[in-house]
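Using the UniProt record's numbering, read the sequence shown as starting at 1 and increasing by one per residue. Down below is the structure, laid out as structure tokens.
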Amino acid sequence: MKLIDGKSKMGQKLEKWLPQHQRKSKQTEQQKKKFEESNQKRNQLPSAHDPETKLEGKIKKWFTAAEEGDRPLIIEERVSGAHRQILVITYHRAILFEAGFLGRLKDVSDKIWRQFVSVHLTEKIFSSSLRLRFFPYHDSISYHNPYKENSSVQEDDFKNWHLDRLNKEEARRVYAFLKDKELYWQEKRRQENIVQRKMPPMRPPGGGGGAPPPKKD
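Dropping the structure here:
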């Protein structure tokens, strides 16, 4: 198996797919500064200094009180028809919109980050596609159904979002942001699962579950 040199064209291209904490720093201070600025731009939501687009202004009207100060990360499908999907990312949740006739928005679905499982990016010749997977339950801490004893989450149980015909550079930026989210919540669920396993089993109300009283002669 031939290893890819990080300085090669292919190595530099693959490096763009890595989460922020896994990317290599450059050798010179000037290159390092430029690299860190690029990472910061790719892995954060837009700042207050970034110009607000017309679409962002419409979408922010749908935000909750907790999201009023957020600048969302937005990516939309580039389709010629009337209907296209729009992915909106805030610090609190991910929202899937559908833009219909005359740009009217429809809130298709929204998920909090605790439900987020994974993101996959596929690059094509002229565009890219993103696939996001979510747990169906808000209180999932592992790959199991919290409402059924010893029941694992099946592949059909995951909620999937698929967006196609995306701008390639925008899709890479969204992918990098979501991959950091994916790795963060993987570790958080792992830690929570360890804590849960160490907790003593809960007994039913009324003191049930203990040893039966001794029989009287």
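Cβ coordinates follow ideal geometry from the N, Cα and C atoms, glycine included.
Report yes if the CB atom of residue 116 is closer than 9 Å to the CB atom of residue 136, and no otherwise.
As a first step, residue 116 must be located in the sequence shown, where it is residue number 116. As a first step, residue 136 must be located in the sequence shown, where it is residue number 136. Taking the C-beta atoms as reference points, residue 136 is found no nearer than 9 Å to residue 116.
Candidates 163, 113 and 119: which alpha carbon is nearest residue 189's?
Here residue 189 is taken as the residue at index 189 of the sequence shown, counted from 1. Sorting 163, 113 and 119 by C-alpha distance to the C-alpha of residue 189 places 113 at the top.
Can you grab the Cα-Cα spacing for the pair residue 196 / residue 11, in whole Å?
The sequence position of residue 196 within the sequence shown is 196, counting from 1. The sequence position of residue 11 within the sequence shown is 11, counting from 1. Computed Cα separation, rounded: 41 Å.
Have a look at residue 84 and residue 56 and give me their C-alpha separation to the nearest angstrom.
Sequence index remark: in the sequence shown, residue 84 carries index 84 (1-based). Sequence index remark: in the sequence shown, residue 56 carries index 56 (1-based). Roughly 15 Å between the two C-alpha positions.
If distances are taken between C-alpha atoms only, which option among 172, 173 and 62 comes closest to residue 110?
Numbered from its first residue, the sequence shown carries residue 110 at position 110. With distances taken between CA atoms, residue 110 lies nearest to 62 out of 172, 173 and 62.
Nearest CA to the CA of residue 166: which residue from 64, 103, 123 and 53?
Residue 166 sits at position 166 when you count from the first residue of the sequence shown. If we check each option's Cα against that of residue 166, 123 comes out closest.
Which value, in whole angstroms, describes the spacing of the CA atoms of residue 78 and residue 185?
Reading the sequence shown from its first residue, position 78 is the one you call residue 78. Reading the sequence shown from its first residue, position 185 is the one you call residue 185. Distance between the alpha carbons of residue 78 and residue 185 is about 30 Å.
Between which two residues does the alpha helix (DSSP H) holding residue 99 run?
In the sequence shown, the residue the question calls residue 99 occupies position 99. Counting along the chain, residue 99 falls outside any alpha helix (DSSP H), though it belongs to the beta strand (DSSP E) covering 93 to 99.
Can you tell me the Cα-Cα spacing of residue 69 and residue 163, whole angstroms?
Start at 1 with the first residue of the sequence shown, and residue 69 comes out as number 69. Start at 1 with the first residue of the sequence shown, and residue 163 comes out as number 163. Rounded to the nearest whole angstrom, the CA to CA distance from residue 69 to residue 163 is 26 Å.
Own chain residues within Cβ distance below 7 Å of residue 168, not counting five before or after:
Taking the sequence shown and counting its residues from 1, the one referred to as residue 168 is at position 168. Cβ within range, chain order: 123, 127 and 128.
Residue span of the beta strand (DSSP E) that contains residue 79, given as start and end:
Here residue 79 refers to the residue found at position 79 of the sequence shown. DSSP places residue 79 outside any beta strand (DSSP E), giving it a letter other than H or E.
Please confirm if residue 178 has its CB atom under 9 Å from at least one CB of chain D.
Of the chains in the structure shown, none is chain D; there is only one protein chain.
Measure the beta-carbon distance from residue 130 to residue 88 and round it to whole angstroms, keeping in mind my assumption that it falls under 8 Å.
In the sequence shown, counting from the first residue as 1, residue 130 sits at position 130. In the sequence shown, counting from the first residue as 1, residue 88 sits at position 88. Under the criterion of beta carbons closer than 8 Å, residue 130 and residue 88 do not qualify as touching, at roughly 13 Å.
Under the rule that 16 or more other beta-carbon atoms within 10 Å means buried, what is residue 187, buried or exposed?
Mapped onto the sequence shown, residue 187 falls at position 187. If you draw a 10 Å sphere on the C-beta of residue 187, you find fewer than 16 other C-beta atoms in it, and that means exposed.
Count the other CB atoms, across all protein chains shown, that sit within 10 Å of the CB of residue 14; report buried if there are 16 or more and exposed otherwise.
As a first step, residue 14 is located in the sequence shown; it is residue number 14 there, counting from the start. Exposed, since its Cβ has fewer than 16 Cβ neighbours within 10 Å.
Endpoints, alpha helix (DSSP H) assigned at residue 132
Locating residue 132 in the sequence shown gives position 132, where the first residue counts as 1. Taken as a continuous stretch (DSSP letters only), residue 132 belongs to no alpha helix (DSSP H), being part of the beta strand (DSSP E) at 128 to 134.
Roughly how many angstroms separate the alpha carbons of residue 50 and residue 199, rounded to a whole number?
Taking the first residue of the sequence shown as position 1, residue 50 is located at position 50. Taking the first residue of the sequence shown as position 1, residue 199 is located at position 199. Near 47 Å, if we compare the C-alpha coordinates of residue 199 and residue 50.
So what's residue 45 in DSSP terms, helix, strand or just coil?
As a working note, residue 45 is residue 45 in the sequence shown. Here residue 45 carries a coil assignment [DSSP, helix/strand/coil].
Assuming residue 45 and residue 91 form a contact by the criterion Cβ under 8 Å, report the distance between their Cβ atoms to the nearest whole angstrom.
As a first step, residue 45 is located in the sequence shown; it is residue number 45 there, counting from the start. As a first step, residue 91 is located in the sequence shown; it is residue number 91 there, counting from the start. Contact flag correct, Cβ pair sits at about 7 Å.
Taking the straight line between their C-alpha atoms, what separation do you get for residue 76 and residue 94?
Your numbering for residue 76 matches position 76 in the sequence shown. Your numbering for residue 94 matches position 94 in the sequence shown. Rounded to whole angstroms, residue 76 and residue 94 show a C-alpha spacing of 13 Å.
I'd like the span of the alpha helix (DSSP H) that includes residue 177, first residue to last.
One-based indexing of the sequence shown puts residue 177 at position 177. 168 to 198 is the extent of the alpha helix (DSSP H) around residue 177.
Secondary structure of residue 56, DSSP reduced to three states:
Position 56 of the sequence shown holds residue 56. DSSP places residue 56 in helix when its eight states are reduced to three.
Would residue 134 and residue 160 be called neighbours here (beta carbons separated by less than 9 Å)?
Along the sequence shown, read from residue 1 onward, the residue named residue 134 stands at position 134. Along the sequence shown, read from residue 1 onward, the residue named residue 160 stands at position 160. Yes, the pair counts as a contact, with Cβ atoms nearer than the cut-off.
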